[in-house]
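Let me begin by presenting the structure, written as structure tokens, before commenting on it.
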Amino acid sequence: MPASDARASEGPAQPKHELVLERIFDAPRDLVFKVWTDPAHVAEWWGPHGFKTTIHAMDVRPGGRWHYSMRGPDGNDYPFDGVYAEVVAPERLVFEGTIHADTTQGVWTEVTFAEQGGKTKVTVRQVFSFESAATKGAPIGWNQQLDRLAAYLAKR
Amino acid sequence: MPVDHLTTTFAALADPTRRAILARLASGELSVTELAEPFEMSLPAVSKHLKVLQRAGLVTRGREAQWRPCRLDARPLKDAADWVEHYRRFWTESFDRLDEYLHKLKSEEKAHARKRRKSE
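Top line first, the protein sequences correspond to chains A and B.
For the first sequence, my numbering assigns the number 21 to the initial residue and increments by one for each residue that follows.
For the second sequence, my numbering assigns the number 163 to the initial residue and increments by one for each residue that follows.
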């Protein structure tokens, strides 16, 4: 790789410590927001295929607790415990807390709901942190460039 | 994988210069001097970044006398990528389930509306 490209591909000096995903759902925004904020609805779809989610607390207002556990097909439980930081119906939800799997991760999640001609675009942005002396609690994560680098390396 | 390794990997990857170093090493091994060339940085500064990458197991140094080439070791990168993939899968599959669930709710709503019209 020419030297100039190595730097040009770096983009902004500050790396994005986040994971961003979006999807358009063929449903009105009020309904989509409702199924994200009503525990009876959330339990119906939250988690990968084969996971069962049990909601212990879901107090959807700023400062309210959001505590659930996902049981995987392997029988392992993956609990999340956190609070809602922002609740703006039907546009935006922000929650943060910790996930206990093989490791304990701090995770901050922002979900936005945008109307798009009768459909709803949902964008999820997650920022992860690992508490350790090495990171001093700073968010660390991933960016697209690394995705590409990892994909490229996986092929070799 | 243990959290300490992931933490070290992510901390090493958090710096743009270190990511650029890895990207350059992806095309083959280089000496420290060669690595330093495109960066407006002194050799000691580049060496410092290399030490962080070595501690994270992302770079190894050859034993060949004189120039001790730097090589990329992609294994920790693969572990970190797997970890991110795990979260990507969570959302992709949850979105699939949410999509199905919304379809179900909408068809139930339509069925109710038909019933209501019939009973009127």
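Where is the CB? At the ideal position from N, CA and C, for every residue including glycine.
Note that the structure is predicted; figures quoted are calculated from it, not measured.
Exercise. What is the residue span of the alpha helix (DSSP H) that HIS211/B lies within?
Worked result: DSSP places HIS211/B inside the alpha helix (DSSP H), whose first and last residues are 205–217.
Problem set entry | Local Cβ density within 10 Å of ALA176/B, reported as buried at 16 or more and exposed below that | buried
Problem set entry | Cβ of ASP64/A within 7 angstroms of any chain B Cβ | The identity of residue 64/A in the sequence shown is Glu, whereas the question assumes Asp. For GLU64/A, the answer is yes, since a Cβ of chain B falls inside 7 angstroms of its Cβ.
Exercise. Of all the CB atoms in chain B, is at least one closer than 7 angstroms to the CB of ALA153/A?
Worked result: Annotation note: pLDDT 36 at ALA153/A (below 50); position unreliable, coordinate value reported separately. Chain B, which has no Cβ nearer than 7 angstroms to the Cβ of ALA153/A, makes this no.
Exercise. Mind checking if SER204/B is an interface residue toward chain A, Cβ cutoff 7 angstroms exclusive?
Worked result: no
Problem set entry | Neighbouring residues, chain B, relative to GLY67/A (Cβ below 9 angstroms) | PHE252, GLU255, SER256 and ARG259
Exercise. What residues match up with ASP97/A in a beta bridge as DSSP calls it?
Worked result: Under DSSP, the beta-bridge partners assigned to ASP97/A are ARG91/A.
For this session: Count the other CB atoms, across all protein chains shown, that sit within 10 Å of the CB of HIS211/B; report buried if there are 16 or more and exposed otherwise.
Result: buried
For this session: Would you grab the beta carbon distance between THR129/A and GLU116/A for me? Rounded to a whole angstrom, and I think it's under 8 angstroms.
Result: 7 angstroms
For this session: Classify VAL52/A as buried or exposed, calling it buried when 16 or more other Cβ atoms lie within 10 Å of its own Cβ.
Result: buried
Problem set entry | Other residues of its chain near PRO99/A: CB distance less than 8 angstroms, five sequence neighbours each side excluded | For PRO99/A, the CB contacts under 8 angstroms within the same chain, skipping 5 residues up- and downstream, are HIS87, TYR88, SER89, MET90, ILE119 and HIS120 in chain order.
For this session: Count the other CB atoms, across all protein chains shown, that sit within 10 Å of the CB of ALA218/B; report buried if there are 16 or more and exposed otherwise.
Result: buried
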